[in-house]
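Beneath this line is the structure, given in C-alpha cells, with notes to follow.
Number of protein chains: 2
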Amino acid sequence: MLSIGKLSGLTGVKVPTIRYYEQIGLLPKPERNEGGQRIYNHTSRERLNFIRHARELGFPLDDIRELLALSDDSDQSCDAIDAIAKRQLAEVEHRLVRLKALHKELERMIVQCTCGTVQTCRVIQVLGDHGLCAADHQKIVSHDIDQ
Amino acid sequence: MLSIGKLSGLTGVKVPTIRYYEQIGLLPKPERNEGGQRIYNHTSRERLNFIRHARELGFPLDDIRELLALSDDSDQSCDAIDAIAKRQLAEVEHRLVRLKALHKELERMIVQCTCGTVQTCRVIQVLGDHGLCAADHQKIVSHDIDQ
DNA sequence: GCTACATCCTCTAGTAACTAGAGGTTCAAG
DNA sequence: CTTGAACCTCTAGTTACTAGAGGATGTAGC
Numbered sequence: 004m005l006s007i008g009k010l011s012g013l014t015g016v017k018v019p020t021i022r023y024y025e026q027i028g029l030l031p032k033p034e035r036n037e038g039g040q041r042i043y044n045h046t047s048r049e050r051l052n053f054i055r056h057a058r059e060l061g062f063p064l065d066d067i068r069e070l071l072a073l074s075d076d077s078d079q080s081c082d083a084i085d086a087i088a089k090r091q092l093a094e095v096e097h098r099l100v101r102l103k104a105l106h107k108e109l110e111r112m113i114v115q116c117t118c119g120t121v122q123t124c125r126v127i128q129v130l131g132d133h134g135l136c137a138a139d140h141q142k143i144v145s146h147d148i149d150q
Numbered sequence: 004m005l006s007i008g009k010l011s012g013l014t015g016v017k018v019p020t021i022r023y024y025e026q027i028g029l030l031p032k033p034e035r036n037e038g039g040q041r042i043y044n045h046t047s048r049e050r051l052n053f054i055r056h057a058r059e060l061g062f063p064l065d066d067i068r069e070l071l072a073l074s075d076d077s078d079q080s081c082d083a084i085d086a087i088a089k090r091q092l093a094e095v096e097h098r099l100v101r102l103k104a105l106h107k108e109l110e111r112m113i114v115q116c117t118c119g120t121v122q123t124c125r126v127i128q129v130l131g132d133h134g135l136c137a138a139d140h141q142k143i144v145s146h147d148i149d150q
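Chains as they are written, first to last, in this note's numbering: chain A, 4 to 150; chain B, 4 to 150.
Right under this line is the structure:
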C-alpha cells in the first residue's frame, strides 16, 4: 500500500537508503506492482523504523541485522540482545572519553593562541610538537574517535 | 637518512598510511635510493608528526592540508588557522552533545531490561518504538555522530 | 487521450581515511 | 650467498550511505 517515497516520508529514511538496505539484505525484497515499482506494507514500515532507531543510537548495521534476527525469535532469552546493547554502550562510553580529551586539548590550544602571526601561532606550535600539549590524548588513534 | 619503516617507527604512523599520505599529496614525494626505496629526512618527519597530531585531534585531512599550507607562510596572520581550529572545536562539541544523548538513552534502555525473553525485552521494544524513549536524540542523524 | 512532471527504476561511481592482500624486488645479517 | 625482513606497486575492500546518469512509470490537469 506504500510506495517507497511514502515509506520514506513516514520513517524519515531516504529513498536511496531504503533501496540500499534492501540490497544488503537488511530489509526483505518487497512486492512490486505491474510497473515494477516497490510496494510496502505495515511490517516493512515497522522493520524500517526499528532500523532507523537503532542507527540513531549508533548501532552498526551488522549489529542491527543480528538484533532483527534475534527479535524474530520471541521466546528466546534476550541475553544476546542485551549483550549487543551493552557492547554498544561500552563503545559509546569509550568514544565519549576520547572526545572529551580531544575537546580539552583543542580548547587549551585555542585559548593559548594570541592570534598574532603564523610564526608565533600556538595552534601550529602545538600541532607540530606533541610535547606542548597535555598528555591525555596520547594514545588516541583515529579508530577510537571514528564512528 | 630514514627508511619508510624507520619513519613509521619514529612517528607512529603506519607504513601504508605514509604512502597513502604521499599519494594524496599531503606529504611531498621523497627522494629514492638506487633501489627505488623512499628515503626521508628530518623535515618529512616533522611534517608527518604534525599530520599525526592533527589527526589525533580529529582534524580531517583536508583541514590538515590547509593548516600545512598556512603554516608555511610564517609572516601571515594566524586568523585562518584559528578559524580552522575553532571550527574543529565546534564540531567536537557538537559530537559530544550528540554522544551524551545517545549514551543516556542507551543506558536507560539497558537498565530497564529485566532480561527475560525476547518478547518482553525492553531493548527490542524501545528500538521498535521511538515513543518509548526519552526524546533527546530525536533529531540525530548518523552524520552527527560519525567522525 | 495527451502532456507535463513527479516519482520511480537500475547501475555505477564517489565519499573519508585508511587497510589488506597479491605478486614481486631490494636490503641487511650471517 | 642465502635467507628473511622490509620494501615496491597496484587493486580492492571497509562503513553507510550519497550522487548522478539514463530511462520507465504514475498521476493530475486539460
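Yeah, the Cβ is synthetic: ideal placement off N, Cα and C, and Gly gets one too. Predicted, not measured: the structure shown is a model, and the values here were computed from it.
Asked	Found
Using alpha carbons as the reference points, say which of A:E37, A:A72, A:K17 lies closest to B:V121.	A:A72
Tell me, please, whether the CB atom of A:T120 is closer than 8 Å to any CB atom in chain B?	yes
Run down chain B in chain order and give the residues with a C-beta less than 7 Å from the C-beta of A:L21.	The displayed chain sequence assigns Ile, not Leu, to residue 21 of chain A. Within chain B, no residue comes near A:I21; the closest Cβ sits about 15 Å away, beyond 7 Å.
Near A:I127, what residues of its chain come up, given a Cβ to Cβ distance below 7 Å and the 5 sequence neighbours on each side ignored?	V121
Under 8 Å between C-beta atoms, does B:A88 make it to chain A?	yes
Would you mind listing the alpha helix (DSSP H) stretches within the segment 69–132 of chain A that are 4+ residues and don't spill past its ends, in chain order?	82–115, 125–131
What does A:H56 touch in chain B if you count any residue whose Cβ is under 9 Å from its own?	V129, L130, G131, D132, H133, C136
Report the residues of the segment 69–81 of chain A with a CB closer than 9 Å to any CB of chain B, ordered along the chain.	L70, L73, S74, D75, D76, S77, D78, Q79, S80, C81
If we ignore side chains and look at the alpha-carbon of each, how far apart do A:K17 and A:L51 end up?	11 Å
Look at the Cβ atom of A:C118, then the Cβ atom of B:C81, and state whether they are nearer than 8 Å.	yes
Can you tell me where the alpha helix (DSSP H) with A:V2 in it begins and where it stops?	Any answer about residue 2 of chain A is impossible in this case: the structure gives chain A only from 4 up to 150.
Since A:L67 and A:L29 should fall inside the 8 Å C-beta cutoff, what is the C-beta to C-beta distance between them, to a whole number of angstroms?	Inspection of the sequence shows that residue 67 of chain A is occupied by Ile rather than by Leu. A:I67 to A:L29, Cβ: 7 Å. Contact.
I'd like to know if B:S6 contacts chain A, where contact means its C-beta is closer than 8 Å to some C-beta of that chain.	no
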